[in-house]
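Some notes on the structure that comes next.
Protein chains: 2
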Amino acid sequence: MKTVQVSLGDRSYEILIESGLLSQVGELLEHRGIHPTIFLISNSRVFELYGEDLLRQLSDRGCQVNEIIIPDGEQHKNLKTVEQIYTDLLSHRADRSSTVIALGGGVTGDIAGFAAATLLRGIPYIQIPTTLLAQVDSSVGGKTGVNHPLGKNMIGAFHQPDLVCIDTDTLSTLPAREFQSGLYEVVKYGLICDPEFFEFFETHLEDIRNQVADILGEVIRRCCEIKAEITSQDEKEKDLRRILNFGHTFGHALEAATQYQEFTHGEAIAWGMLVETHLSRLQGFLDGATSKRIIQTVRSIGSLPPIDSVSIESLMEAMKRDKKHQGDRIIFVLLKDIGTTVITGDIKGELLTEAWEQTTR
Amino acid sequence: MKTVQVSLGDRSYEILIESGLLSQVGELLEHRGIHPTIFLISNSRVFELYGEDLLRQLSDRGCQVNEIIIPDGEQHKNLKTVEQIYTDLLSHRADRSSTVIALGGGVTGDIAGFAAATLLRGIPYIQIPTTLLAQVDSSVGGKTGVNHPLGKNMIGAFHQPDLVCIDTDTLSTLPAREFQSGLYEVVKYGLICDPEFFEFFETHLEDIRNQVADILGEVIRRCCEIKAEITSQDEKEKDLRRILNFGHTFGHALEAATQYQEFTHGEAIAWGMLVETHLSRLQGFLDGATSKRIIQTVRSIGSLPPIDSVSIESLMEAMKRDKKHQGDRIIFVLLKDIGTTVITGDIKGELLTEAWEQTTR
Chain A
72 MKTVQVSLGD RSYEILIESG LLSQVGELLE HRGIHPTIFL ISNSRVFELY GEDLLRQLSD
132 RGCQVNEIII PDGEQHKNLK TVEQIYTDLL SHRADRSSTV IALGGGVTGD IAGFAAATLL
192 RGIPYIQIPT TLLAQVDSSV GGKTGVNHPL GKNMIGAFHQ PDLVCIDTDT LSTLPAREFQ
252 SGLYEVVKYG LICDPEFFEF FETHLEDIRN QVADILGEVI RRCCEIKAEI TSQDEKEKDL
312 RRILNFGHTF GHALEAATQY QEFTHGEAIA WGMLVETHLS RLQGFLDGAT SKRIIQTVRS
372 IGSLPPIDSV SIESLMEAMK RDKKHQGDRI IFVLLKDIGT TVITGDIKGE LLTEAWEQTT
432 R
Chain B
72 MKTVQVSLGD RSYEILIESG LLSQVGELLE HRGIHPTIFL ISNSRVFELY GEDLLRQLSD
132 RGCQVNEIII PDGEQHKNLK TVEQIYTDLL SHRADRSSTV IALGGGVTGD IAGFAAATLL
192 RGIPYIQIPT TLLAQVDSSV GGKTGVNHPL GKNMIGAFHQ PDLVCIDTDT LSTLPAREFQ
252 SGLYEVVKYG LICDPEFFEF FETHLEDIRN QVADILGEVI RRCCEIKAEI TSQDEKEKDL
312 RRILNFGHTF GHALEAATQY QEFTHGEAIA WGMLVETHLS RLQGFLDGAT SKRIIQTVRS
372 IGSLPPIDSV SIESLMEAMK RDKKHQGDRI IFVLLKDIGT TVITGDIKGE LLTEAWEQTT
432 R
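The listed protein sequences correspond, in order, to chains A and B. Count along the first sequence starting at 1, add 71, and that's the number in this note's numbering. Count along the second sequence starting at 1, add 71, and that's the number in this note's numbering.
Given below as structure tokens:
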């Protein structure tokens, strides 16, 4: 089993990664001192695949397990769903020794994590992410939250899980589009801080896309390790953690401007990385050859839904509303090289338009 | 000006206490590096008394101040009010450099603090408590939250303010019943950890009740100091902080069993301290003379609404639902002496009934 340690003082925890790990979760929790009352939060699709087996493993070990099925999809990532979870938790007498298990993708993890963060001012939770995006990104680092009609992830809290269990086998049931979407966050880790990992990704892309177990496991491990290192050093996103937002200033705006209907998060980030790579070159941070190499690799992951129908004006508007802005300045994470970032709030609107045009051209 | 330091690493902050402090808030914030965007959250009654002057002080110093008026009263301390605040904050483009100022009593502070804790995963906030209860208790320590239909303060987060400004003059406009209610939390501090302060309270009760400025200021300062010491050592209520719950196991149950309609929080805690003092004696922790002295002092603060109509059964039921229980055990903070507590989860139901009967007799 691969293990990544997230070092955060008394909030430290482990990320366990293995093919077939889901069948060992009961045993693992027993070994770690099982909590008597468990709330398994999942959506119906994921619960159907893995829920019953997990319930059985836990109740066989004397746990009282309550399942809470929440609706699937970003449109349900809101306070209404959280309130439903609060009511379920409290009516089954959750207390501070109860544990929430979030079984599913990023939406499930974010919602369940926020409910756990804010019930009784914080109860323990365990993440079992079942999508690539959740495994390499949202399940690690303690960001939890939901959307508000005025913006994505506007409501939230930092709340570290007690444990993250990643079963790479769950990816085999993932729709191809979702798997591909996760790969964009994977390549991002190489771009922001690890040139060797970027090269590994470039040269092993076929095996990764075909989910060759060893290669995929190693890729996920390295992503978790990078995210763990970054969040260990900067839990609350005051500084270093912001580099994780490469591609996200523009990507979030693209999602918002299309009402989260046209692109998956990963696809929006892919477009964001393309524009922000152009921007890095136009701003004079990145040379032409490196920029070309990055764009080629991002594009070779797969085809992306077109962005022709989106206007740069609507994106500018959305960026100003995003929570990464500071006063009137829009903050960008740009690249100086593969593996080296620069954070800037001084990008001129014209340059952004130029980068956008070069990307869509 | 009296200053109490709350030491919590990079979340440390000061509590400033002075008669007339409200008229200096603008200057104080300017001196400390004023934030450009401020959201003043208050209820209409308190805003009418102090709001306009505060707005003027801040806008005179170049701040953009938005006021958010929320409904008054415990029945509005819920997620609906928080959602209204989120919408106000986001529609006025609050960002991570914006500051929320909570001006009012405990309800306002808890709600505004929770909104600040969970907007964009936490933005800065300043507490300006205007009730005695808020000044000596809820504004210090970083507990924020709202009620759920299934229980009080069930939804919440720890979020430390950047500053607490206490103007003791605001107490002169406080209804007598609310002032008296705050005094119960004051005497609690002596009981749980400071025999000298308890004695000071006993001997100066008349001056305190008459709001003699020097005495009252010193009393508030000492309460803040005690709470600051305790929360500095145990921010997340894992251990030491639990002693603050003396009188609260029973007190919270009394509030819940009467649907928060019959007692103020302080009055419920007063009854709770009386029952739990009896309980401490019956359990053999406290001698008879000390128990008598405590009961006499609590009673001499003023008359309490009767509890004859409440049944011990309804209280037991409410205690089991409270967030302080652990599994099936109800946790009590009891007294071994004035200033010395003992935490126990091993109180028999019969003893509780006996303590209840001795209190109501």
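Every residue gets a Cβ at the ideal spot worked out from N, C-alpha and C, and that includes glycine. Values in this document were obtained by computation on a predicted structure and should not be read as measured data.
Where residue i falls: helix, strand or coil (DSSP)
i, result
"Asp240 (chain A)", "helix"
"Lys391 (chain A)", "helix"
"Glu306 (chain A)", "coil"
"Val345 (chain B)", "For the sequence presented, residue 345 (chain B) should be read as Leu rather than Val. DSSP places Leu345 (chain B) in helix when its eight states are reduced to three."
"Leu87 (chain A)", "strand"
"Gln354 (chain B)", "coil"
"Val290 (chain B)", "helix"
"Lys73 (chain A)", "strand"
"Arg400 (chain B)", "strand"
"Leu375 (chain A)", "coil"
"Val369 (chain B)", "helix"
"Thr361 (chain B)", "helix"
"Glu333 (chain B)", "coil"
"Leu79 (chain A)", "coil"
"Ser382 (chain A)", "coil"
Short CB-CB distance (under 9 Å) between residue i and chain A
i, result
"Tyr331 (chain B)", "no"
"Leu150 (chain B)", "yes"
"Arg392 (chain B)", "yes"
"Gly437 (chain B)", "Here chain B has residues from 72 to 432 only, and residue 437 (chain B) is not among them."
"Thr189 (chain B)", "yes"
"Lys419 (chain B)", "no"
"Glu145 (chain B)", "no"
"Glu308 (chain B)", "yes"
"Glu154 (chain B)", "yes"
Host alpha helix (DSSP H) of residue i (start-end)
i, result
"Val257 (chain A)", "247-264"
"Phe321 (chain A)", "319-328"
"Asp278 (chain A)", "276-280"
"Gln429 (chain B)", "420-431"
Neighbour flag for residue i against chain B, beta carbons, 9 Å
i, result
"Tyr84 (chain A)", "no"
"Tyr196 (chain A)", "no"
"Ala426 (chain A)", "no"
"Gly193 (chain A)", "yes"
"Tyr157 (chain A)", "yes"
"Glu101 (chain A)", "no"
"Glu138 (chain A)", "no"
"Glu277 (chain A)", "no"
Limits of the unbroken beta strand (DSSP E) element including residue i
i, result
"Ile414 (chain B)", "411-415"
"Leu406 (chain B)", "403-408"
Query raised in the report: Which residue spans inside the region 93-179 of chain B form an unbroken alpha helix (DSSP H) run of at least 4?
Result: Runs of the alpha helix (DSSP H) inside the region 93-179 of chain B: 96-102, 123-131, 150-162.
Query - Complete beta strand (DSSP E) runs within the region 174-239 of chain A (minimum length 3 residues, chain order) - result: 196-200, 214-219, 222-229, 234-238
Requested in this report: Anything in the region 162-178 of chain B with a Cβ closer than 8 Å to a Cβ of chain A? List those residues in chain order, please.
Outcome: Ser162, Arg164, Asp166, Arg167, Ser168
Query raised in the report: Just by C-beta distance, which residues in the region 220-253 of chain B are closer than 7 Å to chain A?
Result: Cβ proximity to chain A below 7 Å picks out Leu221, Gly222, Met225, Ile226, Gly227, Ala228, Phe229 from the region 220-253 of chain B.
Requested in this report: Could you list the residues in the region 284-305 of chain B with a C-beta less than 9 Å from some C-beta on chain A, going in chain order?
Outcome: Of all residues in the region 284-305 of chain B, none has a Cβ within less than 9 Å of some Cβ in chain A.
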